[in-house]
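A short write-up of the structure that comes next.
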DNA sequence: GAACGGCAGGAACACGTTTTCTGAAACGTA
DNA sequence: TACGTTTCAGAAAACGTGTTCCTGCCGTTC
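Chains as they are written, first to last, in my numbering: chain A, 38 to 378; chain B, 38 to 378.
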């Protein structure tokens with residue numbers, strides 16, 4: 038009863054199946070499948086005929102049928118340890134970017150730091166027969182591995198199990214690079230202001246700065262000041278610092294937020310940045326780094342690349358070439374007005 | 038040859054199928070399906086026996102098989118008009134939140150403002166037989182509708198076609214509320230500083246403020262100042278403003294970034310906020326609103342709720358109850374130190 | 001005692017694709 | 001001409017679930 042025309046307008050038109058293509062090309066469905074996938078032994082003429090029929094009908098293979106048949110769903114899960122935020126978002130986009138190119142889709146699973154939600158999502162992903170899972174999280178403290186029947190890659194937040202595949206960022210290297218930059222500018226009295234010591238990121242960056250400063254013969258003028266990841270703490274820390282070390286001439290900060298607070302407070306105290314005091318940030322968060330006066334010299338983390346790399350490693354693992362171990366991605370120093378005029 | 042035990046350890050264990058459950062319960066696969074789904078006519082005892090068998094084996098129905106059979110994939114696509122950013126992220130999370138509860142998964146498709154990518158993603162979603170699509174975007178300018186064979190709901194950025202289902206935020210209402218708050222504080226010389234007039238958000242908020250001020254008998258002291266969505270513009274706009282209207286006593290801003298620049302610059306000029314000049318922001322972006330000194334009174338947009346609502350409307354439409362038209366969600370004013378001491 | 005109705009559960013098929021197996025035709029060689 | 005080999009394409013099974021149809025049994029009623 039319904040019009041047989043293949044190109045109905047907007048309304049819910051039932052999709053063309055491979056049998057439709059096969060019928061138009063005058064071959065069996067299996068043959069059409071072989072023709073379109075490039076497998077099997079077919080005459081070039083037949084192959085081309087099927088291909089033309091598929092084009093003409095606008096055939097798009099049904100992913101569900103394909104998944105059922107092939108056992109691969111061409112879908113991966115993206116599971117967050119906490120909630121997607123400023124840090125994990127670029128990772129997520131990097132994953133989506135790298136996978137989308139390979140016609141692999143991403144199932145978004147936001148955990149919100151809730152183990153129950155994590156279990157729920159893992160079951161959901163398992164039932165959907167995803168080909169693999171990317172696990173990410175805001176913190177850099179290693180997390181307990183997830184248990185899944187498919188390959189798993191950890192992005193930014195590594196797995197506690199070293200034989201798992203993890204992609205992390207060279208935080209220590211970045212912190213050392215920022216410090217080296219300050220020393221190269223001739224600064225000799227350097228302080229480090231950073232976030233809570235309960236965060237691995239704060240601890241490892243601080244340790245790296247302390248070690249590098251000491252081995253350069255320019256030990257920090259005070260122990261690292263641990264507080265919060267906020268502008269407010271940056272401002273307060275400056276007050277503490279200048280009281281203790283009035284002639285400080287450089288501050289290495291654990292984040293751009295802290296650095297911005299530091300810069301603001303220094304200016305209010307009448308110190309010129311960078312002439313009197315040079316300041317470095319961390320993260321290269323444009324909203325902070327560029328709005329600061331002067332804009333911040335900071336350490337870029339390339340989170341997008343973390344996501345892309347994790348996605349690539351996952352695809353490798355799905356294809357049977359797992360690569361255990363942790364990949365450490367380099368950071369890069371972005372020099373702006375807070376260190377050089 | 039392989040161990041028949043159902044609970045193999047970590048290694049790639051083949052998932053239990055419904056036939057396994059049926060065998061253990063001593064019924065046919067079809068019966069097991071009926072027992073677990075609650076359909077068909079079965080004795081309560083049989084139903085319970087199957088249920089126990091499923092629990093014992095840890096059976097999770099294969100989503101792929103189910104999708105193929107039922108025609109529903111229990112998956113929806115989330116398509117961004119531009120790229121996921123600060124504004125759209127809460128929408129995305131709201132969508133994921135509302136759908137995850139109903140065992141519906143979210144396929145993430147980031148468009149990056151590229152029509153080619155959008156086409157690619159739409160094809161991918163179609164091939165995966167998603168049940169519906171949520172479209173979102175950073176800007177509030179209506180977008181050209183997407184063409185898909187499944188229900189579509191637009192979140193935050195509405196569709197240009199009015200009969201489509203869109204969920205937006207009451208920007209005008211929010212802008213009016215902020216202005217009313219300033220007037221209620223006794224301010225009489227109000228200015229409005231906002232972003233580029235090329236953005237619908239800037240235009241509609243500015244119009245609303247102008248209209249509300251005029252009808253309250255307190256017209257704005259100058260025409261709205263259009264610039265950029267940045268702190269830098271906020272600071273520059275203050276310089277322009279005080280030169281023109283030295284006795285301005287309130288500034289309504291189009292965004293928290295602008296408001297923060299305004300507050301900073303006013304303080305540098307020796308004006309006290311809020312005593313000399315009261316300032317309101319827009320968006321309630323914690324990073325800006327709370328780090329500002331004083332913290333910003335601002336308009337909260339509840340983007341999370343936009344996502345949740347869009348998801349709910351989409352599920353309704355998938356279930357055959359489409360609700361055409363635009364839903365406008367209320368904003369709420371968050372009062373902080375930039376207007377009241 | 002037979003006919004009928006209602007209920008429990010089994011068998012078969014549908015969904016759309018991929019893949020394997022099999023068969024037929026074409027071709028070459030002895 | 002007969003036989004073997006190669007090339008191509010079709011038929012059928014497989015993937016796992018949901019649903020429909022159908023059969024058999026039991027109880028009831030005339």
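Even for Gly, the Cβ is constructed at its ideal location relative to N, Cα and C.
Apply the 10 Å Cβ neighbour rule to residue i and answer buried if 16 or more other Cβ atoms are within range, or exposed otherwise.
i, result
"residue 271 (chain B)", "buried"
"residue 156 (chain A)", "exposed"
"residue 131 (chain A)", "buried"
"residue 38 (chain B)", "Note that residue 38 (chain B) scores 31 on pLDDT, short of 50, meaning its location in the model is unreliable and no value can be drawn from it."
"residue 45 (chain A)", "Residue placement at residue 45 (chain A) is poorly supported in this model, since its pLDDT is 33, which falls under 50; the coordinates are not used for a value here."
"residue 65 (chain A)", "exposed"
"residue 103 (chain A)", "buried"
"residue 378 (chain A)", "exposed"
"residue 125 (chain A)", "buried"
"residue 312 (chain A)", "exposed"
"residue 153 (chain A)", "exposed"
From the beta carbon of residue i, is the nearest beta carbon of chain A less than 8 Å away?
i, result
"residue 353 (chain B)", "no"
"residue 401 (chain B)", "Absent from the structure is residue 401 (chain B), since the part of chain B shown begins at 38 and ends at 378."
"residue 460 (chain B)", "Limits of chain B in this structure are 38 at one end and 378 at the other, which puts residue 460 (chain B) out of reach."
"residue 140 (chain B)", "yes"
"residue 81 (chain B)", "no"
"residue 102 (chain B)", "yes"
"residue 126 (chain B)", "yes"
"residue 166 (chain B)", "yes"
"residue 170 (chain B)", "no"
"residue 267 (chain B)", "yes"
"residue 274 (chain B)", "no"
For chain B, check one thing: does any of its Cβ atoms lie closer than 8 Å to the Cβ of residue i?
i, result
"residue 220 (chain A)", "no"
"residue 160 (chain A)", "yes"
"residue 152 (chain A)", "no"
"residue 145 (chain A)", "yes"
"residue 55 (chain A)", "no"
"residue 199 (chain A)", "no"
"residue 342 (chain A)", "no"
"residue 203 (chain A)", "no"
"residue 230 (chain A)", "no"
"residue 41 (chain A)", "Annotation note: pLDDT 34 at residue 41 (chain A) (below 50); position unreliable, coordinate value reported separately. No, because no Cβ of chain B sits closer than 8 Å to the Cβ of residue 41 (chain A)."
"residue 37 (chain A)", "Nothing can be reported for residue 37 (chain A): it is not among the residues displayed for chain A, which extend from 38 to 378."
"residue 76 (chain A)", "no"
"residue 214 (chain A)", "no"
"residue 120 (chain A)", "yes"
"residue 135 (chain A)", "no"
"residue 375 (chain A)", "no"
"residue 192 (chain A)", "no"
"residue 366 (chain A)", "no"
So, under 8 Å CB-CB, residue i and residue j are touching, yes? Tell me the CB distance rounded to an integer number of Å.
i, j, result
"residue 218 (chain A)", "residue 261 (chain A)", "Incorrect: roughly 18 Å between the Cβ atoms, too far for contact."
"residue 275 (chain B)", "residue 299 (chain B)", "5 Å"
"residue 97 (chain A)", "residue 52 (chain A)", "7 Å"
"residue 174 (chain B)", "residue 187 (chain B)", "Going by Cβ atoms, the distance from residue 174 (chain B) to residue 187 (chain B) rounds to 19 Å, so no, they are not a contact pair."
"residue 319 (chain A)", "residue 197 (chain A)", "Not a contact, Cβ separation roughly 24 Å."
"residue 183 (chain B)", "residue 110 (chain B)", "That pair is no contact at about 18 Å."
If you check the beta carbons only, do residue i and residue j fall under 8 Å apart?
i, j, result
"residue 201 (chain A)", "residue 189 (chain A)", "yes"
"residue 209 (chain B)", "residue 194 (chain B)", "no"
"residue 265 (chain B)", "residue 287 (chain B)", "no"
"residue 324 (chain B)", "residue 346 (chain B)", "no"
"residue 90 (chain A)", "residue 62 (chain A)", "yes"
"residue 342 (chain B)", "residue 145 (chain A)", "no"
"residue 129 (chain B)", "residue 116 (chain B)", "no"
"residue 279 (chain A)", "residue 250 (chain A)", "no"
"residue 368 (chain A)", "residue 211 (chain A)", "yes"
"residue 321 (chain B)", "residue 293 (chain B)", "yes"
"residue 140 (chain B)", "residue 94 (chain B)", "no"
"residue 172 (chain B)", "residue 118 (chain B)", "yes"
"residue 309 (chain A)", "residue 375 (chain A)", "no"
"residue 326 (chain A)", "residue 373 (chain A)", "yes"
"residue 238 (chain B)", "residue 370 (chain B)", "no"
Does the distance between the C-beta of residue i and the nearest non-hydrogen atom of the ligand ATP fall short of 7 Å?
i, result
"residue 274 (chain A)", "Inclusion of the ligand ATP in the displayed structure is not the case, the ligand content being empty and no account of it being possible."
Within the segment 261-320 of chain A, ranges of the beta strand (DSSP E) (whole runs, at least 3 residues) | Listed in chain order, the beta strand (DSSP E) elements of length 3 or more contained wholly in the segment 261-320 of chain A are 287-290, 315-317.
Taking only runs of the beta strand (DSSP E) that begin and end inside the segment 136-218 of chain A, which ones reach a length of at least 3 residues, in chain order?
-> The qualifying runs are 142-146, 169-173, 189-192, 202-206.
Whole runs of the alpha helix (DSSP H) within the segment 57-95 of chain A, excluding any shorter than 4 residues = 66-74, 81-94, all fully within the segment 57-95 of chain A.
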